[in-house]
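According to this note's numbering, the residues represented by the sequence shown are 8 to 399, in order. For each residue, glycine too, the CB sits at the ideal point set by N, CA and C. Note that the structure is predicted; figures quoted are calculated from it, not measured.
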Amino acid sequence: MSEVFTAPKGFRFSGTTAGIKVSGNKDLGLVVLDQPGIMGGVYTKNKFPSAHVDYCRTLTPCDSFGALVVNSGNANAATGEEGRKRNLEMAQTFANQLGFHFEQVFTSSTGVVGRHLPIEIIKKASWQAVSELSDDPMSFAKSIMTTDLTDKLCQRSVEIEGQTYQILGIAKGSGMIMPNMGTMLAYIFTDAPIPAERIQGIIQEVADQSFNLISVDGDSSTNDTLMLISSHPGENKALERTERAILEVAQDLAQKIAADGEGAKHLLEVTIKSAPDRAIAKRAIMAILNSPLVKTAIHGQDPNWGRILVALGNGLEPVPGFFHQPLDIDIQGVRVYEKGSPKPFDDKELRTKMAEFKVEILVDLDAGETSLTGWGCDLSRDYIAINADYRT
Numbered sequence: 008m009s010e011v012f013t014a015p016k017g018f019r020f021s022g023t024t025a026g027i028k029v030s031g032n033k034d035l036g037l038v039v040l041d042q043p044g045i046m047g048g049v050y051t052k053n054k055f056p057s058a059h060v061d062y063c064r065t066l067t068p069c070d071s072f073g074a075l076v077v078n079s080g081n082a083n084a085a086t087g088e089e090g091r092k093r094n095l096e097m098a099q100t101f102a103n104q105l106g107f108h109f110e111q112v113f114t115s116s117t118g119v120v121g122r123h124l125p126i127e128i129i130k131k132a133s134w135q136a137v138s139e140l141s142d143d144p145m146s147f148a149k150s151i152m153t154t155d156l157t158d159k160l161c162q163r164s165v166e167i168e169g170q171t172y173q174i175l176g177i178a179k180g181s182g183m184i185m186p187n188m189g190t191m192l193a194y195i196f197t198d199a200p201i202p203a204e205r206i207q208g209i210i211q212e213v214a215d216q217s218f219n220l221i222s223v224d225g226d227s228s229t230n231d232t233l234m235l236i237s238s239h240p241g242e243n244k245a246l247e248r249t250e251r252a253i254l255e256v257a258q259d260l261a262q263k264i265a266a267d268g269e270g271a272k273h274l275l276e277v278t279i280k281s282a283p284d285r286a287i288a289k290r291a292i293m294a295i296l297n298s299p300l301v302k303t304a305i306h307g308q309d310p311n312w313g314r315i316l317v318a319l320g321n322g323l324e325p326v327p328g329f330f331h332q333p334l335d336i337d338i339q340g341v342r343v344y345e346k347g348s349p350k351p352f353d354d355k356e357l358r359t360k361m362a363e364f365k366v367e368i369l370v371d372l373d374a375g376e377t378s379l380t381g382w383g384c385d386l387s388r389d390y391i392a393i394n395a396d397y398r399t
């Protein structure tokens with residue numbers, strides 16, 4: 008039985024077909040607040056951001072957030088001044104229909120880079136998107152997908168002074184994923200009270216502990232976007248607990264994105280233990296997650312720990328003052344390398360363990376007190392086929 012997701016109070020969702028995708032699948036999503044709320048966001052660090060990123064970045068954080076419109080099938084990136092004009096026209100179209108100022112309407116785009124946004128068909132479909140608004144978020148989740156194999160939703164609740172509040176996360180992403188804040192779009196909606204002055208700080212902290220620790224293929228998209236939107240600005244006596252629940256949602260979504268990597272058969276979880284600091288731990292994680300040799304070994308259920316060691320050594324090479332340590336490596340809980348030397352293990356038994364969907368790698372650097380975990384996936388022949396054939 009499929010999980011049922013409900014909209015937090017004050018939010019309405021829709022997803023419709025404008026005709027951007029040749030497949031005829033849903034490609035226009037809309038989220039509207041009954042009353043203006045607050046929003047914080049982080050965006051791609053790619054030097055060629057999409058039109059929507061430039062637009063939203065200038066408005067973030069926002070203390071009068073009204074609506075979010077997302078198109079899929081077209082990234083509206085590398086489209087110059089015309090792309091910025093069409094993005095603004097999309098925001099203005101929905102602002103007019105909803106009774107907002109255009110700066111209260113945020114936008115997102117995902118899809119093929121370098122094609123102009125088909126604004127006329129979006130404008131034509133806007134009335135339908137508005138008319139289909141409801142408290143069911145599933146149609147919105149479907150409408151933002153591109154090469155995703157499945158929709159990605161997650162929900163938590165938090166009780167504050169006897170009242171239950173909802174935190175709903177919706178994301179898309181399958182390829183071109185190495186957020187540095189595939190295309191990755193992620194939105195967290197909540198009716199829990201959040202102080203307006205804290206919302207931007209919260210989402211930045213959440214990003215660093217979730218989406219900034221995943222990689223599918225090492226490519227950081229022009230369109231990566233993460234937003235936290237609350238319909239209930241105000242003081243919260245359980246803010247720390249609320250923040251933990253928001254982080255749980257974000258980490259759940261991050262793992263769903265990694266697990267749905269294009270052609271992926273395995274979710275790869277890499278934990279670095281006893282690192283000197285967070286920066287070195289993250290560098291080590293990304294070196295392993297982005298190594299084609301590690302990723303293909305995971306796909307082939309090959310416990311070739313030498314590839315992990317090579318990737319780690321290359322990743323840490325630029326770190327000044329970091330020298331070889333007598334580190335340990337575990338794969339699926341099996342020690343394969345200990346204190347700088349190979350450790351005998353049952354190859355057949357470990358291969359069987361690596362056939363599981365989730366494969367865990369633990370590296371103990373024995374060089375400090377920082378631990379960090381990140382997520383990625385294996386690399387299969389299907390990844391090549393999907394991306395060789397891809398045009399939304």
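Comparing alpha-carbon positions, which option in the options lies nearest residue i?
{"i": "glutamine 332", "options": "Thr117, Lys365, Gly375 and Ser237", "result": "Gly375"}
{"i": "glutamine 42", "options": "Gly87, Val112 and Met145", "result": "Val112"}
{"i": "lysine 263", "options": "Pro349, Ala395 and Lys159", "result": "Lys159"}
{"i": "tryptophan 382", "options": "Ile221, Asp231 and Asn230", "result": "Ile221"}
{"i": "glycine 179", "options": "Met191, Ile253 and Phe55", "result": "The question names glycine, yet the displayed sequence has lysine at residue 179. It is Met191 whose Cα lies nearest to the Cα of lysine 179."}
{"i": "proline 327", "options": "Ser348, Phe364, Ile210 and Ala286", "result": "Ala286"}
{"i": "proline 144", "options": "Lys16, Gly347, Arg358 and Ile126", "result": "Lys16"}
{"i": "proline 310", "options": "Gly340, Ile206 and Val29", "result": "Gly340"}
{"i": "asparagine 53", "options": "Ala214, Thr377, Pro68 and Ala84", "result": "Ala84"}
Under DSSP, the beta strand (DSSP E) around residue i begins and ends at which residues?
{"i": "leucine 37", "result": "35 to 50"}
{"i": "threonine 278", "result": "274 to 282"}
{"i": "methionine 234", "result": "232 to 237"}
{"i": "glutamate 345", "result": "341 to 345"}
{"i": "arginine 163", "result": "159 to 167"}
Work out the CA separation of residue j and residue i for me, nearest whole Å.
{"i": "methionine 188", "j": "alanine 265", "result": "Low confidence applies to methionine 188: its pLDDT is 34, below 50, so where it sits in the model is not reliable, and the reading given next is rough at best. When rounded, the distance between both Cα atoms is 16 Å."}
{"i": "alanine 257", "j": "aspartate 353", "result": "37 Å"}
{"i": "lysine 272", "j": "asparagine 103", "result": "45 Å"}
{"i": "glutamate 255", "j": "leucine 40", "result": "23 Å"}
{"i": "isoleucine 336", "j": "glycine 313", "result": "10 Å"}
{"i": "valine 317", "j": "asparagine 219", "result": "23 Å"}
{"i": "serine 141", "j": "arginine 19", "result": "5 Å"}
{"i": "methionine 46", "j": "glutamate 96", "result": "21 Å"}
{"i": "isoleucine 368", "j": "glycine 90", "result": "43 Å"}
{"i": "proline 240", "j": "proline 202", "result": "6 Å"}
{"i": "phenylalanine 147", "j": "glutamate 139", "result": "10 Å"}
{"i": "glycine 73", "j": "glycine 44", "result": "7 Å"}
{"i": "glutamine 1", "j": "glutamate 276", "result": "Residue 1 lies beyond the stretch modelled for the chain, which goes from 8 to 399, so this question has no answer here."}
{"i": "arginine 405", "j": "leucine 274", "result": "Given a span of 8 to 399 for the chain in the structure shown, any question on residue 405 remains unanswerable."}
{"i": "methionine 185", "j": "histidine 123", "result": "Confidence at methionine 185 is low in this model, with a pLDDT of 48, below 50, so its placement is unreliable and no value can be given for it."}
Assign residue i to one of two classes, buried (16 or more other C-beta atoms within 10 Å of its C-beta) or exposed (fewer than that).
{"i": "lysine 355", "result": "exposed"}
{"i": "aspartate 70", "result": "exposed"}
{"i": "methionine 183", "result": "Per-residue confidence for methionine 183 stands at a pLDDT of 44, beneath the threshold of 50, marking its modelled position as unreliable; the derived number appears in the next sentence. Buried, by the Cβ-count rule."}
{"i": "glutamine 170", "result": "exposed"}
{"i": "glycine 347", "result": "exposed"}
If you follow the alpha helix (DSSP H) that residue i is part of, which residue opens it and which one closes it?
{"i": "phenylalanine 101", "result": "87 to 105"}
{"i": "valine 213", "result": "206 to 215"}
{"i": "isoleucine 126", "result": "126 to 138"}
Would the C-beta of residue i count as close to the ligand COA, meaning under 7 Å from any of its heavy atoms?
{"i": "leucine 386", "result": "Among the components modelled here there is no ligand, and therefore nothing to report on the ligand COA."}
- Query: Between the segment 289 to 309 and the segment 239 to 249, are three or more C-beta pairs nearer than 8 Å?
  - Reply: Cβ pair count under 8 Å is below three, so no.
- Message: Under 8 Å: do the segment 61 to 68 and the segment 152 to 168 share three or more Cβ pairs, one atom per stretch?
- Response: Taking a cut-off of 8 Å on C-beta distances, the segment 61 to 68 does not touch the segment 152 to 168, as fewer than three cross pairs fall below it.
- Query: If you pair each beta-carbon of the segment 234 to 241 with each one of the segment 78 to 86, do three or more pairs fall below 8 Å?
  - Reply: No, the segment 234 to 241 does not touch the segment 78 to 86.
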